[in-house]
Structures are given as C-alpha cells and as structure tokens.
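Report on the following structure.
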Amino acid sequence: MAIDGPAAAGKGTISKAVAAHFGFAHLDTGLIYRATGRRVLDGEDPLQAARALVPADLARGDLRTPEVAQAASRVAALPEVRAALVNFQREFARRAGGAVLDGRDIGTVICPDAEAKLFVTASDEVRAARRLAELAPRFPDLTLAKVLDDLRARDARDAEREAAPMRPAKDAVQLDTSKMDIGEAVAAAIRVVQDRLPPSA
Ligand code: CDP
C-alpha cells in the first residue's frame, strides 16, 4: 500500500495503524530522507550520505526536528540522491506478507503498481497545529506561524522539484483529514485497503 501526502498530514499515524491492522510491515520513507539530511548537516556530501545509510541511521533520535525536516527536503530534490534510495524502498515494498510505505512519491514512482494508494491531505492550518503539538514538548519556543512557514516552504519545494515531485497518483484515493480525528482517518484508510484486497484475503 502507498500512502503519500504533504508534511504533517497524518501519513505516519495512518500508515502505522493500517500496517498493524493488516499485519503488514511499515516503512516511513521520510525517515530515509531525514537520515540523509542529518548526515549532510553533519558535514557529509549528499550522495555519499545516501549511499552510506545503514538501518541504524533511521533509528536515530534526532531526526524529527524542524532543521532536519528542511535538510531532508533539500537533499530529496537531488535526483542522484533519490536514485540511490530507490532499491531499498522497492525491496521493502515487495516483502512477503505485505507492506505499507508512506512518503511523497510512493504511488507515483516507487510503487506505481501498489494495490492501494492513498493521498492524505489536511488544511495548512490543521497540519501546522498538529505538528506544533508534536514538537512543542521538545521545542517550547516554536510558534504556530513558524511551523506554518516551514511546512509551506517544504511542501512548495517537494511539489515543485523535477525529480519525483509530490503529487497524487492518478489512481490514488484522496483523504482530507482536516475534520477527522485519528480514529476516523484510520478507519477510512482501512476501508480503502479492504475494498482493494482480493476477496479471499
Ligand atoms: O513527517 P513529515 O510529513 O513532515 O515529513 P517526512 O515524511 O518525514 O519527510 C521529510 C522530507 O523528506 C519531505 O519534506 C520530503 O522532502 C522528503 N521525502 C521525499 O522526498 N520523498 C519521500 N518518499 C518521503 C520524504
């Protein structure tokens, strides 16, 4: 299953819950770009950083910060960096037992043949409020205006880049979660998968 959408739309929460419901493995592909961005902030060349990634990089505790999010979006615009990360994602997607991948280009580039595709959105204000709530305990000085600016800058860069721009696949189901709570969004996503599973599953 492919779940794409802009920053802080709820992809992560929905993906984890859908994976748990169906017993699928889950890969947050944003973490791959965040880990690459983190290495670049630490002084490495972007392509070298992408090629050198190991699973432990994705488990780092310092990837979910505003600074790393912006660095991720900058390295993610480089075609050679994206190319270096394709095989790992496709191999994960093909694993037995099923997989959910969430990101920006899963339904369009990484897994164009995914059984189910979702494009998750929410209004800018709702997304900024959700991200602020997530970050506030660790970044008490952060404001809603700053988070909103960051999300918009990142979305613009992600949507306007030439390499695998963020956009819904033609066959993706769009899910606007602006007025949904987590339970409603997860239930809607599960229905999308259920509708597409073979009858025996
Ligand atoms: O959690 P959030 O939605 O804020 O971002 P993320 O999914 O962790 O992704 C961080 C950044 O990685 C994005 O802004 C994109 O630039 C990049 N990304 C990408 O280009 N392609 C993907 N499949 C996943 C993430």
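In this note's numbering, the protein residues as written are 3 to 203. Each residue gets a CB set at the ideal place from its N, CA and C atoms; glycine is no exception.
Please go through the same chain and pick out, in chain order, the residues whose beta-carbon is closer than 8 Å to the beta-carbon of residue i, but skip the five residues on each side of it.
| i | result |
| --- | --- |
| residue 187 | 12, 15, 16, 122, 177 and 179 |
| residue 80 | 48, 49 and 165 |
| residue 27 | 21, 94, 97, 99, 100, 101 and 102 |
| residue 130 | 10, 146, 149, 150 and 153 |
Leaving out the 5 sequence neighbours to the left and right, which residues in its chain are closer than 6 Å to residue i when beta-carbon positions are compared?
| i | result |
| --- | --- |
| residue 168 | 106, 160 and 161 |
| residue 8 | 157 |
| residue 51 | 38, 41 and 42 |
| residue 113 | 4 and 95 |
With a threshold of 7 Å on Cβ separation, who are the neighbours of residue i within its own chain once the five nearest residues in sequence on each side are excluded?
| i | result |
| --- | --- |
| residue 192 | 20 and 23 |
| residue 35 | 74, 77 and 78 |
| residue 195 | 3, 20, 24 and 118 |
| residue 138 | 144 |
| residue 83 | 38, 48, 49, 52 and 77 |
Does the Cβ of residue i lie closer than 7 Å to at least one heavy atom of the ligand PLP?
| i | result |
| --- | --- |
| residue 33 | Because the ligand PLP does not appear in the structure shown, any question about it cannot be addressed here, the ligands present being the ligand CDP. |
So if DSSP puts residue i in a beta bridge, which residue, or which two residues, is it bridged to?
| i | result |
| --- | --- |
| residue 103 | 4 and 29 |
| residue 137 | DSSP lists no partner for residue 137. |
| residue 122 | 177 |
Kindly indicate which residue of the options has the alpha-carbon position closest to the one of residue i.
| i | options | result |
| --- | --- | --- |
| residue 116 | 132, 131, 126 and 94 | 94 |
| residue 64 | 92, 110 and 141 | 141 |
| residue 189 | 18, 171 and 108 | 18 |
| residue 146 | 82, 41, 112 and 134 | 134 |
| residue 136 | 175, 44 and 66 | 66 |
| residue 151 | 127, 70, 5 and 83 | 127 |
| residue 148 | 69, 31 and 56 | 69 |
| residue 171 | 87, 129, 132 and 120 | 120 |
| residue 125 | 56, 182, 89 and 174 | 182 |
| residue 31 | 201, 104, 58 and 154 | 104 |
| residue 85 | 111, 57 and 71 | 111 |
| residue 175 | 71, 61 and 198 | 198 |
| residue 92 | 29, 54, 71 and 62 | 29 |
| residue 109 | 44, 184 and 173 | 173 |
| residue 71 | 185, 46 and 33 | 33 |
Counting only beta-carbon separations shorter than 8 Å, does residue i have a partner in chain D?
| i | result |
| --- | --- |
| residue 60 | In summary, chain D is missing from the structure at hand, where a single protein chain is found. |
Complete alpha helix (DSSP H) runs within the stretch 139–179 (minimum length 4 residues, chain order): Correct list: 146–162.
Sequence ranges, beta strand (DSSP E) only - wholly within the stretch 38–118, length at least 3: When DSSP assignments are scanned along the stretch 38–118, the uninterrupted stretches of beta strand (DSSP E) that are 3 or more residues long and fall wholly within it turn out to be 101–105.
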